[in-house]
Structures are given as structure tokens and as C-alpha cells.
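For reference, the structure discussed in these notes is given below.
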Amino acid sequence: MASVHRCWLVWIVLVGIGLVSCMVDVPELVSGTDGGTDGGTDAHSGEVGVDVADDVDAGTDAPSDSPVEGSVEGGDPDAEPGCVSGLVDCDFDMMNGCEDLKTDPAHCGKCGRDCLGGACVDGSCQPVQLATKLSHVYTVIQGDGFIYGASGAGGAVWKVPMAGCVDPSTCAEILSSPGEFYRGLAMDSDALFFADSPAGRVMRVGKDGQGECVLASGETYAWGIAVDAAYV
3 MASVHRCWLV
13 WIVLVGIGLV
23 SCMVDVPELV
33 SGTDGGTDGG
43 TDAHSGEVGV
53 DVADDVDAGT
63 DAPSDSPVEG
73 SVEGGDPDAE
83 PGCVSGLVDC
93 DFDMMNGCED
103 LKTDPAHCGK
113 CGRDCLGGAC
123 VDGSCQPVQL
133 ATKLSHVYTV
143 IQGDGFIYGA
153 SGAGGAVWKV
163 PMAGCVDPST
173 CAEILSSPGE
183 FYRGLAMDSD
193 ALFFADSPAG
203 RVMRVGKDGQ
213 GECVLASGET
223 YAWGIAVDAA
233 YV
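Sequence positions in the sequence shown follow the numbering used here and run 3 to 234.
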């Protein structure tokens with residue numbers, strides 16, 4: 003009878019253990035190569051085997067729109083990466099190449115500085131000959147796209163286009179009749195005013211060479227001329 007009781011006791015214990023094992027959630031093992039990434043993933047902790055942030059910090063280039071060291075904001079042509087040292091892209095058009103500020107007469111010394119027909123040497127515009135055969139040039143003024151001048155001995159008032167001419171020897175246009183020695187020169191919107199110094203005359207002539215007249219006489223050795231809306 004005692005043996006029967008012991009058998010029942012063992013059976014009850016085994017059944018109890020089986021029930022307990024059914025109620026416990028046994029973790030499922032996850033293969034490190036089954037749908038995972040290199041290094042494996044812990045399905046319950048959520049931890050990744052490789053630290054991606056460390057790899058990014060170790061070798062990431064600056065964003066493409068970040069300022070490049072030595073560049074200038076606002077499209078400075080000096081910062082053009084396509085030009086070799088000493089050249090710049092003044093017109094922002096790499097199709098026609100880069101400009102040399104030391105020799106380019108349209109961009110002499112800096113972008114946009116035009117030598118107006120003269121040569122560019124070492125970044126400096128060189129003089130350009132506008133007119134010849136003008137003797138004893140005493141004074142010059144400029145305006146309206148012309149250089150106006152007065153010559154001394156023989157007396158002459160003339161003008162030359164600032165753009166120059168094909169033949170400088172014929173470029174000057176004489177506006178006045180001859181005088182003794184023209185000094186001083188001023189202008190308004192329509193006319194030029196000058197002094198024939200030894201003769202003591204103050205004179206006027208239109209910028210087109212018309213309407214020459216003597217405004218005053220007896221002004222011995224007048225040298226300087228100034229003009230306003232009403233007086234000379």
C-alpha cells in the first residue's frame with residue numbers, strides 16, 4: 003500500500019513540473035545570421051552589435067554647401083576653383099577660360115577695369131595716344147565723351163573723342179579760330195570759354211565749333227577761367 007502511495011506522489015510531482023514548464027515563456031534563440039546584420043542583434047534588448055555613430059564620426063566630409071577655406075561669400079571670382087593661381091573668372095563664364103589681371107586690357111588689375119584701348123602691363127593700364135599734331139597743349143578738360151583742350155602758341159581750342167580714332171593724327175577737331183596764346187578753359191552744357199591771354203580777351207565758342215565770340219577785352223594776361231549759369 004505504501005508503494006502505491008509513493009507512485010501516486012511521484013506522478014503528481016512530475017505532472018506539476020510539466021505544468022510549470024508550460025507556463026514559463028522560454029526565450030527563443032535568434033541566429034546571428036538569420037535576417038540580422040553583421041555583429042548580430044539581441045531581439046530582446048534592442049542593442050545593435052556595430053556602433054554606426056562611431057563610424058560616421060571617424061570619417062565624414064563637410065557638407066557640399068559648407069564654405070571652403072579661403073573662399074569669399076557672394077561669388078568672388080578670386081575663389082573660382084577652375085582657375086589656376088594668378089587667374090580669375092571675372093565674367094563667371096568658364097567656357098571662355100579665366101582672365102589674367104596682369105595682362106587683360108578689359109580686366110586690368112581687377113575685374114571690370116577697362117584700359118579703353120590701352121595695353122595692360124603688370125596690372126596697370128598704359129597710356130593710349132588719342133591725338134597727335136597738337137602743339138603747345140596748355141590745358142585739357144573732359145566731358146560729354148570728349149577731351150577738350152586749349153593750345154598755347156598759335157592759339158587753338160579743340161576736342162578729341164575719348165574713345166580715340168583710327169588715325170590719331172587726324173582725330174582732333176579744331177573749334178576756334180587761331181589766337182595768340184590760349185590759356186584757361188571752362189565749359190557749360192553748350193559752350194567752351196577760354197582766354198587769349200596776351201591779347202587780353204575772354205572768348206566763347208560752341209562745342210560744335212559754332213558761335214565764336216569775344217565776351218570781354220582788355221583783360222590783360224587772363225589765365226584762369228570759371229563759369230556758372232550767369233557769369234564767366
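Quick reminder that beta carbons are idealized off the backbone N, C-alpha and C, glycines included.
When DSSP builds the beta bridges, which residues end up paired with residue i?
i, result
"Lys161", "Tyr150 and Glu175"
"Thr141", "Ala152"
"Leu187", "Phe196"
"Cys122", "Cys127"
"Val90", "Glu101"
Output the boundary residues of the beta strand (DSSP E) element that contains residue i.
i, result
"Gln212", "That residue, Gln212, is in no beta strand (DSSP E); it is neither H nor E in DSSP."
"Gly1", "Given that the chain is displayed from residue 3 to residue 234, the structure contains no residue 1 and the question cannot be resolved."
For residue i, count neighbouring C-beta atoms within 10 Å of its own C-beta (all shown protein chains included) and say buried if the count is 16 or more, exposed if not.
i, result
"Ser153", "buried"
"Met96", "exposed"
"Tyr223", "exposed"
"Trp225", "exposed"
"Ile176", "exposed"
"Ser179", "exposed"
"Tyr150", "buried"
"Ala218", "exposed"
"Val130", "exposed"
"Leu118", "exposed"
"Ala174", "buried"
"Asp210", "exposed"
"His138", "exposed"
"Tyr184", "buried"
"Tyr140", "buried"
"Val162", "buried"
Under a three-way DSSP split, which group does residue i fall into?
i, result
"Pro170", "helix"
"Ala232", "coil"
"Met25", "Low confidence applies to Met25: its pLDDT is 46, below 50, so where it sits in the model is not reliable, and the reading given next is rough at best. Helix, per DSSP."
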